[in-house]
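Report on one structure; see the data block that follows.
In structure tokens:
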């Protein structure tokens, strides 16, 4: 296979029968092996060629010998037999027409496919052959051959003689090779299978080809049993987005994908109620970070849009900017530590370059920012940008993400100030001040900017970087630092500030997301950790990274190999142990005490005179006998990791392992005015107060004992592994196809090395020969026991399990019965899929399941009704208790307020408070004391209810005050109204009596003169409404009408005065509390007054109309006129105004 070819030329022409078939005629022979039986290969031997004739003769001779061939147990795995009668046939005439696929003789791929439809009669020649031997031969026609450069090529076997074969390679070369150097190839029908477990021949070249076949078609995901293999395409592939997420959510797509792994984790978390973890591993540049983001994308999409999913996704730009950097192999690599130094062609953490490129002018002014080339920490690698990446745009993305996770603008400015301080720390330089190489910091812009940014005094900063305080006995000594010591102190301060800043950011993000508080159920952890690294020069950083990967590999081995096989053995099932490469020896090399790599490193770091050379010599002295260790020349040593051998250069090991941040620097940070340095100092002091186990670093008489960097790293790693051990793991192995980060380039050697490191072949072998599905006997019997008869279902769970398996004819090779569990092979469904086949089975299944469901529903319905009754009863009890409480409180409130009102109105309160009442002082004190005690008891009893009624009480008090202020005013008005009414009534009564008398006298006089004046008098008629014309009428009738009108007016006045008086008296009684009524005295009094005013106005108008009418009824008798004028004069003097 070439490194860059999409599909090898020879592989285009390879088409075959399925790997398993059986004969249905003749000697009913069966073959469960794979046959490399190809139309172009079996009969691809043209006539006229001696070699071809020899090969045909050889085939015939072998067939006549009746050899049965060899049966290989590793051949086709769990595939159904296919009848040869149903397969395309090969005609006799074709034997002379199809040539070998040499370059000089071309044949289209379309013609080589299974397309011939010759009749069955043409197959009789092949049926006469011994198929087992023929297939054994045909299997050799296509095989893998490894070239000298290590790549594998698919060769066609032209001729086989003894242990040697002649093969033709795709480029036309013909080679003579030993048969033992050929590796069996899979049929074309298995090209590009999405699960390596489906391969008939599981070997390295077949796996390499299958992965390459899929990779060239942008199918970058392949299953290897329970492990997902992801090959980095180094380009965008159309496999992501909402459509794919929805499809995997609905199980509409079954192809391997990160989405599928994540969906499985979610479903298992819900089903089993166990925390899950997705462990993403691989070399640097294999695509682990992008894979983690894809998994988080799926989780966020399934979150339902609560908002927190968006925040979680927005944490990626922050963590990548502060935790990732460019290396020679990966533009976005997760880094362990690279603040103060980086190699040529690499970069420090992304955030430094993003800040320098994208900070707005206002922020640049505050931080005194310059270009990245102006900072020593950044310019030492001569690399300032990444191809295709806009650092300014990335910085805006980071600022947006900081806003999304609720980090305030003030905190953001403090974060950027710490970053600028780290950069300016690298620009601080020193000058020698004496002959002993002692130095002091130069007061330049670097020193002043750092002091300003962290908020400390410039002299304190200068002193901290140039001296060190030590305590000897009871004396404090100030030691001047040499140039190398001062640089170490400066760099240690920079690294500590950045490390604390990163920890603080993570803490703030977790607080924003409320991790640990809002979580009510289980969790899914996604682990994206730096990958295994091996460079030309490997230092302390690679040492720690590779140690972490060794521990992760051990976790992988433990779950997929050790625990799996230990469970088989413990449960007593037949099992042939699958060997795998265990890396426990390498872990022991790192962790063993007292003679492990980490222990010896910490030990040498404690010695003030220890050097990298003495450390290397000590390793060679104590570890040369270890199979995983090899001492090299000078200061180097080699460790045999699970991923291969890595040579480490010990230069700088001790310096990087020592924690050179002294108490002086911590005290400097604690004295800063900015909040973040104070937080950092508090965190550092807390860490230094923790108990320390193992070697400690006391370089130069350090003032405090501190953990070494390696020891801290080991402790954090063990905490991580403890958390992973409590989860159900899902593994994703990321593969880097080439070191150039180039798309469509596939380097076999590089991929194969990673596959070996991941143990992919071993995983597939143990998965397809193992029993991935298992269930306890108790659970199995409880779930499926109802399908058996009652007398069988009542037996022990083991017997029930076996009876179920026998009843539904599950093949014995597809399961094994253990002491505690049943174990099923891959592809074997549980009985639910077996007994449902066939009409009788389905009917029985539906009948039993229907009865079971009805019973379950009935029980559920009863529980539901019982729950409703209980809820109703409890709600009734709660309601009655609450009502009783409210009622009691209301009664107490009413009693207190009513008593207060009565005492207020009747003068009792005045009696208690008035100083005019003459009573003995002791009696008054007793009365007041008893009254207050009673009141206090009532108030305490109604305290809860009074809180709810405070507003109503305030309103009531205001109304009472208004009533008190207006009460006297109302009484005066009522008295004045009564007086006015009485005066008016007396005046009207006197006027009416006079009018009656006058009219009576006039009537008698008129009657005496009636006979004389009857013909000359005219009658008068009038109307009470004042609009009638005067007419001639009898004088007696006019007088009678006038008397009638006046009588009615008098009666009306008496009636109305009585009604108004009664109403006013009633309202006064209600107002004073003598009579209870559901009305407002104030409103009713105003309404009564309005009614009285309206009646008075109407009554006055009618009196005036009556006067006009009576004036018009005047007669010749002057006496009558005089009497009327006299009467009306008095009436007008007392008229209602």
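Residue numbers (my numbering): 6 to 1142. Beta carbons: idealized from backbone N, C-alpha and C, even for Gly.
Could you check which residue in the options has the C-alpha nearest to that of residue i?
{"i": "residue 246", "options": "292, 194 and 304", "result": "304"}
{"i": "residue 148", "options": "176, 166 and 186", "result": "186"}
{"i": "residue 159", "options": "153, 188, 449 and 231", "result": "188"}
{"i": "residue 558", "options": "229, 537 and 1055", "result": "537"}
{"i": "residue 254", "options": "270, 422, 240 and 242", "result": "270"}
{"i": "residue 983", "options": "1051, 953, 1063 and 995", "result": "1063"}
{"i": "residue 770", "options": "1102, 232 and 163", "result": "232"}
{"i": "residue 824", "options": "780, 864 and 816", "result": "780"}
{"i": "residue 945", "options": "717, 204, 200 and 894", "result": "894"}
{"i": "residue 441", "options": "481, 421, 775 and 487", "result": "487"}
{"i": "residue 209", "options": "733, 1066 and 758", "result": "758"}
{"i": "residue 530", "options": "550, 452 and 727", "result": "727"}
{"i": "residue 1090", "options": "1069, 1104 and 1110", "result": "1069"}
{"i": "residue 459", "options": "891, 868, 278 and 430", "result": "430"}
{"i": "residue 738", "options": "266, 150 and 178", "result": "266"}
{"i": "residue 485", "options": "811, 822, 674 and 669", "result": "669"}
{"i": "residue 346", "options": "546, 715 and 443", "result": "546"}
Following the continuous alpha helix (DSSP H) through residue i, name the residue where it begins and the one where it ends.
{"i": "residue 805", "result": "802–812"}
{"i": "residue 509", "result": "488–518"}
{"i": "residue 219", "result": "209–221"}
{"i": "residue 726", "result": "714–730"}
{"i": "residue 738", "result": "Element bounds for residue 738: not the alpha helix (DSSP H) but the beta strand (DSSP E), 733–740."}
{"i": "residue 268", "result": "263–277"}
{"i": "residue 820", "result": "Looking at the DSSP string, residue 820 is not in any alpha helix (DSSP H); the run it does join, the beta strand (DSSP E), is 820–822."}
Would you please state the rounded distance, in angstroms, between the beta carbons of residue i and residue j? I believe it to be under 8 Å.
{"i": "residue 555", "j": "residue 532", "result": "In fact, because the Cβ distance is near 15 Å, the residues do not count as touching under 8 Å."}
{"i": "residue 280", "j": "residue 563", "result": "Contact flag wrong, Cβ pair sits at about 17 Å."}
{"i": "residue 663", "j": "residue 230", "result": "Residue 663 to residue 230, Cβ: 45 Å. No contact."}
Bridge partners of residue i, per DSSP?
{"i": "residue 854", "result": "According to DSSP, which records beta bridges pairwise, residue 854 is partnered with nothing at all."}
{"i": "residue 226", "result": "235"}
{"i": "residue 943", "result": "Note: residue 943 sits in no beta bridge, so no partner."}
{"i": "residue 652", "result": "643"}
{"i": "residue 779", "result": "828"}
{"i": "residue 158", "result": "150"}
Give every residue of the same chain whose Cβ lies closer than 6 Å to the Cβ of residue i, excluding the five residues on either side of it in the sequence, and list them in chain order.
{"i": "residue 621", "result": "640 and 655"}
{"i": "residue 506", "result": "423"}
{"i": "residue 844", "result": "Any reading at residue 844 must be qualified, since the residue scores a pLDDT of 48, below 50, and its modelled position is unreliable; no value is offered."}
{"i": "residue 501", "result": "666"}
{"i": "residue 438", "result": "445"}
{"i": "residue 174", "result": "158 and 160"}
For residue i, collect the residues of the same chain with a Cβ closer than 7 Å to its Cβ; drop the 5 residues on either side in sequence, then sort them by chain order.
{"i": "residue 447", "result": "434, 435 and 436"}
{"i": "residue 236", "result": "216, 220, 225, 740 and 742"}
{"i": "residue 239", "result": "746, 747 and 748"}
Looking only at its own chain, which residues have a Cβ that is under 8 Å from the Cβ of residue i, when we skip the five neighbours before and after it?
{"i": "residue 352", "result": "330, 331, 358, 383, 386, 388, 389 and 391"}
{"i": "residue 962", "result": "none"}
{"i": "residue 722", "result": "552, 553 and 556"}
Less than 8 Å between CB atoms is the rule here; does residue i satisfy it with respect to chain D?
{"i": "residue 974", "result": "Judged by its chain identifiers, the structure shown contains no chain D, having just a single protein chain."}
Tell me which residue opens and which closes the beta strand (DSSP E) that residue i is part of.
{"i": "residue 179", "result": "179–183"}
{"i": "residue 169", "result": "169–173"}
{"i": "residue 286", "result": "281–287"}
{"i": "residue 580", "result": "Premise fails: residue 580 is in no beta strand (DSSP E) and is neither H nor E."}
{"i": "residue 475", "result": "472–477"}
{"i": "residue 481", "result": "480–485"}
{"i": "residue 616", "result": "Premise fails: residue 616 is in no beta strand (DSSP E) and is neither H nor E."}
{"i": "residue 437", "result": "435–437"}
{"i": "residue 635", "result": "634–636"}
{"i": "residue 531", "result": "529–533"}
{"i": "residue 189", "result": "187–189"}
{"i": "residue 344", "result": "Careful: residue 344 lies outside any beta strand (DSSP E) and carries neither H nor E."}
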